[in-house]
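A.B. asks: Numbering (the numbering used here), first residue to last: -14 to 244.
Where a beta carbon is used, it is the ideal one built from N, C-alpha and C, also for glycine.
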Amino acid sequence: KFILTLTDANQLVAENKYPVASDRKFLSRCIDGRYVNAPDLPALAIPGGDIGELGILYAAAAEYGFEVDPDKAYEALTEVVGGEKNIQLHTDSHAETGIPVGGCGHVKQLGLDPEAYSLMARQVEILKEQAEKAIKAGATQVVLQGDHQEAGVFIVKGSQGIQPQHLLHLAGSNMPVQAFVFHASLVGERQRALADKYIEKGAVKLLEGFEAEYLHEVLGEVTELHLFETAKRLAKDLPIYEVTFADDGSFTIEDRGVV
């Protein structure tokens, strides 16, 4: 398995960074490195895309002891992304066709070990039902092709995104590699909007005295837990690079160790 060095990671980011379109900044994708590079690829990368986002809410409810209504949560998310057709989810070319999110490694891990993610088996079933509902309502289930070739995990902050597919220029040849990408600042920004919407829609019943700010915070904590739980399973031994973009597109990159 190929491992990106800091120099490789710098090259990947320099050649694969792209500005976030403000009208599309709340559209998501999964952290999977097999998405085809495209100018309109959603920059907001989160484990499991929008299905993973709902899973984070259900886990937060279990972890922090508040009530959640999955139907209203789905409605709230739908409003924040601008309609059911904008709900983002994926499968892959290895999975059985017709099974919603069947080829999403993150959702697969949720199903294999719900407890590790503070979920119950029934909640994972609900997530799959919600994926099916979205597809029936016109959401596109992206089919990712081929095998995983991720060579690093990128945690992104700031106003640019990173395309996951890259040709690494090595002595005399180009080697195709992929990157797992998690966009920390866009995920956080969207979860702020979601926290407000979950409350407005009655999707959550928080304990007395707790408000949107608290919900935003716990969603962030559970997101991190889900990210690293899945990284441990799918990205073991890969290096973690934290990339921070300035508004002019320049960036700094730091080595954060190994998964």
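#1: Is GLU227 helix, strand or coil when you go by DSSP?
#2: Take every Cβ of the segment 144 to 159, pair it with every Cβ of the segment -1 to 7, and state whether three or more of those distances are shorter than 8 angstroms.
#3: Pick helix, strand or coil for LYS57, following the three-state DSSP scheme.
#4: VAL243 lies in the beta strand (DSSP E); which residues open and close that run?
#5: Among residues of its own chain, excluding the 5 on either side of ALA180, which ones have a beta-carbon nearer than 7 angstroms to its beta-carbon?
#6: Nearest CA to the CA of CYS89: which residue from ARG9, TYR20, GLY234?
#7: In this structure, how does DSSP classify GLY143 when only helix, strand and coil are distinguished?
#8: Taking the alpha carbon of LEU39 as the reference point, which residue from ASP98, ALA6, TYR49, LEU104 has its own alpha carbon closest?
#9: Within 8 angstroms, do at least three Cβ pairs link the segment 52 to 71 to the segment 90 to 102?
#10: For SER158, which three-state DSSP category applies?
#11: Does HIS154 pass the burial test, meaning 16 or more other C-beta atoms within 10 Å, or should it be called exposed?
#12: Below 7 angstroms between beta carbons: does that hold for LEU(-3) and HIS133?
C.D. replies: If we stick to the structure as given:
#1: strand
#2: yes
#3: helix
#4: 236 to 243
#5: ALA197, LEU200, HIS201, LEU204
#6: TYR20
#7: coil
#8: LEU104
#9: no
#10: strand
#11: exposed
#12: no
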